[in-house]
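K.L.:
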Amino acid sequence: MPELPEVETARALIEACALGRTIAAVDDGDTYVCRPHVPGDIASALVGHELTRAGRIGKSMWLETDGGDGPSLGLHLGMAGRIVVVGAEGAAESTAYGGDPMSPAEAKAAAATGAGAGGHPDPRLSGNPVWTRFALDFEDGGALLLFDKRRLGRAVLNPDLTHLGPDALLVSKAEFRARVGVGEAPLKARIMDQSVIAGVGNLLADEALWQARQPPLRPAGDLSGDELGALWTALRKATKAAMKRGGVHTGDVIDFRRRDAACPRCGAPMVKAAVGGRTTWWCSAEQAWPH
DNA sequence: AGCATTGTTTCACA
DNA sequence: TTGTGAAACAATGC
Numbered sequence: 001m002p003e004l005p006e007v008e009t010a011r012a013l014i015e016a017c018a019l020g021r022t023i024a025a026v027d028d029g030d031t032y033v034c035r036p037h038v039p040g041d042i043a044s045a046l047v048g049h050e051l052t053r054a055g056r057i058g059k060s061m062w063l064e065t066d067g068g069d070g071p072s073l074g075l076h077l078g079m080a081g082r083i084v085v086v087g088a089e090g091a092a093e094s095t096a097y098g099g100d101p102m103s104p105a106e107a108k109a110a111a112a113t114g115a116g117a118g119g120h121p122d123p124r125l126s127g128n129p130v131w132t133r134f135a136l137d138f139e140d141g142g143a144l145l146l147f148d149k150r151r152l153g154r155a156v157l158n159p160d161l162t163h164l165g166p167d168a169l170l171v172s173k174a175e176f177r178a179r180v181g182v183g184e185a186p187l188k189a190r191i192m193d194q195s196v197i198a199g200v201g202n203l204l205a206d207e208a209l210w211q212a213r214q215p216p217l218r219p220a221g222d223l224s225g226d227e228l229g230a231l232w233t234a235l236r237k238a239t240k241a242a243m244k245r246g247g248v249h250t251g252d253v254i255d256f257r258r259r260d261a262a263c264p265r266c267g268a269p270m271v272k273a274a275v276g277g278r279t280t281w282w283c284s285a286e287q288a289w290p291h
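When we follow my numbering, the leftmost residue of the first sequence carries the number 1, and every step to the right adds one.
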């Protein structure tokens with residue numbers, strides 16, 4: 001699920017619900033999610049510090065402590081992660097991000113079970129593992145949890161984000177043109193390269209290219225300035241629409257990324273190939289390449 | 001059983 | 001230097 005829109009939603013949730021709270025304990029026992037740290041590393045660095053800011057570039061988040069003077073925590077949702085913030089003990093509300101809606105009671109139950117314990121918060125799934133891979137417990141009794149079925153999410157101290165390009169939602173049109181419209185790599189591979197612009201994943205890339213009627217396989221350096229500007233606009237619109245609607249899977253073309261589907265705009269067959277190492281679907285007429 | 005999956009990293013190779 | 005493809009990572013769903 002998580003591409004830029006989902007991660008921004010998670011960041012905003014943290015900003016709204018977790019800032020100002022002090023860390024009392026940390027569950028950093030998953031040595032894969034917390035690699036290269038060993039259990040206790042993150043805990044001993046963070047306990048006693050107060051969350052003061054939640055930042056994001058592309059799909060990467062970081063939480064600052066003590067106004068930037070304390071250690072920071074990097075969070076990445078990987079392929080299937082979601083953030084859950086549990087309210088203070090006794091508070092009525094809890095908030096969840098991503099996946100199926102989770103009631104406050106369910107979120108509390110999930111928090112109570114902790115990592116690796118049995119008992120899914122959803123009664124229909126009771127008996128299944130809970131998928132809590134990392135947790136910050138706050139002094140007020142609440143918590144911030146990283147749920148992740150696939151375990152490809154990350155939690156790490158003082159993350160290095162220098163390899164990332166500018167955030168896909170913050171990059172100016174001029175900079176987008178200069179960074180994306182270069183080289184012989186397929187356009188889709190170029191916009192998904194996190195060092196070029198950060199935040200575009202497989203589904204958002206397919207959606208933006210379809211909206212802009214651009215062929216995924218077209219060399220990025222072939223686009224005109226106007227075409228790059230139109231792609232920048234399409235990408236912004238698709239990203240904002242995904243945030244508003246609740247995820248990249250709500251894009252207009254996403255449901256048509258399947259065999260025997262027709263383009264929902266012109267009716268031509270949708271076609272598939274691997275581009276940039278990822279399964280890619282596009283309209284055989286509007287996005288044909290070469291023309 | 002086999003294949004695919006919204007992400008990242010690494011490596012062999014052209 | 002650039003770019004590609006495949007594999008690995010982990011776990012689930014069809």
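Quick reminder that beta carbons are idealized off the backbone N, C-alpha and C, glycines included.
DSSP three-state call for R154: helix, strand or coil?
P.N.:
If DSSP states are grouped into helix, strand and coil, R154 belongs with the strands.
K.L.:
Based on the DSSP secondary-structure assignment, which residues constitute the bridge partners of T22?
P.N.:
According to DSSP, T22 bridges with E50.
K.L.:
How big is the Cα-Cα spacing for G187 and E8?
P.N.:
According to the sequence provided, residue 187 is Leu. The question's Gly does not apply to it. About 24 Å.
K.L.:
Once the 5 residues before and after R304 are set aside, which same chain residues still bring their CB inside 7 Å of it?
P.N.:
Outside the shown range of the chain, which is 1 to 291, sits residue 304, and nothing can be said about it.
K.L.:
From the DSSP secondary-structure annotation, give me the bridge partner or partners of P186.
P.N.:
BP columns for P186 point to P219.
K.L.:
Just to confirm the assignment, what range does the beta strand (DSSP E) spanning D137 have?
P.N.:
That run of the beta strand (DSSP E) goes 132-138.
K.L.:
Between the C-alpha atoms of A168 and G48, what's the straight-line distance to the nearest angstrom?
P.N.:
In a straight line, the C-alpha of A168 is about 34 Å away from that of G48.
K.L.:
What does DSSP give as the partner residue(s) for F147 in the beta ladder?
P.N.:
DSSP output for F147 lists R82, T132 as bridge partner(s).
K.L.:
Which first and last residues belong to the beta strand (DSSP E) in which K272 is found?
P.N.:
Looking at the DSSP string, the run of the beta strand (DSSP E) that includes K272 is 270-275.
K.L.:
Determine whether the beta carbon atoms of A322 and G229 lie at a separation below 7 Å.
P.N.:
Here the chain has residues from 1 to 291 only, and residue 322 is not among them.
K.L.:
For the segment 262-269 against the segment 169-185, do three or more pairs of beta-carbon atoms, one drawn from each stretch, fall closer than 8 Å, so that the two count as touching?
P.N.:
The segment 262-269, when compared against the segment 169-185, does not touch it at the 8 Å Cβ threshold.
K.L.:
When you compare the CB positions of L301 and V84, do they come within less than 7 Å of one another, or not?
P.N.:
Shown here, the chain extends from 1 to 291; a query on residue 301 therefore has no answer.
K.L.:
Evaluate contact between the segment 41-59 and the segment 273-287, counting only Cβ atoms and requiring at least three cross-stretch pairs below 8 Å.
P.N.:
Cβ pair count under 8 Å is below three, so no.
K.L.:
Tell me the DSSP secondary structure of R56 in three-state form.
P.N.:
Strand, per DSSP.
K.L.:
Can you find the residues in the same chain that come closer than 7 Å, C-beta to C-beta, to F134, ignoring five residues on each side of it along the sequence?
P.N.:
Contacts found: D27, D28, D30, V33, C34, L146, A155.
K.L.:
Assuming L73 is part of the beta strand (DSSP E), what are its boundary residues?
P.N.:
Note, L73: beta strand (DSSP E), 73-76.
K.L.:
May I ask you to report which of helix, strand or coil DSSP gives T239?
P.N.:
T239 falls in the helix class under three-state DSSP.
K.L.:
Between which two residues does the alpha helix (DSSP H) containing W210 stretch?
P.N.:
That run of the alpha helix (DSSP H) goes 202-211.
K.L.:
Leaving out the 5 sequence neighbours to the left and right, which residues in its chain are closer than 6 Å to N202 when beta-carbon positions are compared?
P.N.:
Closer than 6 Å at Cβ, skipping near neighbours: R278.
K.L.:
Counting along the chain, where does the alpha helix (DSSP H) carrying C17 start and finish?
P.N.:
First-last of the alpha helix (DSSP H) with C17: 4-17.
K.L.:
Buried or exposed: D137, going by 16 or more other Cβ atoms within 10 Å of its Cβ?
P.N.:
By the neighbour-count rule (16 or more Cβ atoms within 10 Å), D137 is buried.
K.L.:
Please state whether the Cβ-Cβ distance between A208 and A189 is less than 7 Å.
P.N.:
Cβ atoms of A208 and A189: not closer than 7 Å.
K.L.:
Quick one: residues in its chain with C-beta nearer than 6 Å to the C-beta of W232, no 5 flanking neighbours on either side, listed in chain order?
P.N.:
Result list for W232: K173, F176, in chain order.
K.L.:
Can you tell me where the beta strand (DSSP E) with R35 in it begins and where it stops?
P.N.:
It is not in any beta strand (DSSP E) - R35 carries neither H nor E in the DSSP assignment.
K.L.:
Could you check the C-alpha separation between A25 and W281 for me, to the nearest Å?
P.N.:
Taking the straight line from one Cα to the other gives about 45 Å.
K.L.:
P71 and L157 - do their beta-carbons sit closer together than 7 Å?
P.N.:
Yes.
K.L.:
For R67, which residues in the same chain have their Cβ closer than 6 Å to its Cβ, ignoring the five residues on either side in sequence?
P.N.:
Contrary to the premise, residue 67 reads as Gly rather than Arg in this sequence. Around G67: T52.
K.L.:
For R236 and E139, what's the separation of their Cα atoms in angstroms?
P.N.:
Straight-line Cα distance between these residues: approximately 39 Å.
K.L.:
For M192 and A212, what's the separation of their Cα atoms in angstroms?
P.N.:
Near 16 Å, if we compare the C-alpha coordinates of A212 and M192.
K.L.:
Sort out for me which residues DSSP pairs R278 with in a bridge.
P.N.:
Bridge partners of R278: V275.
K.L.:
Using the three-state DSSP reduction, which class does E227 fall into: helix, strand or coil?
P.N.:
Reduced to three states, the DSSP call for E227 is helix.
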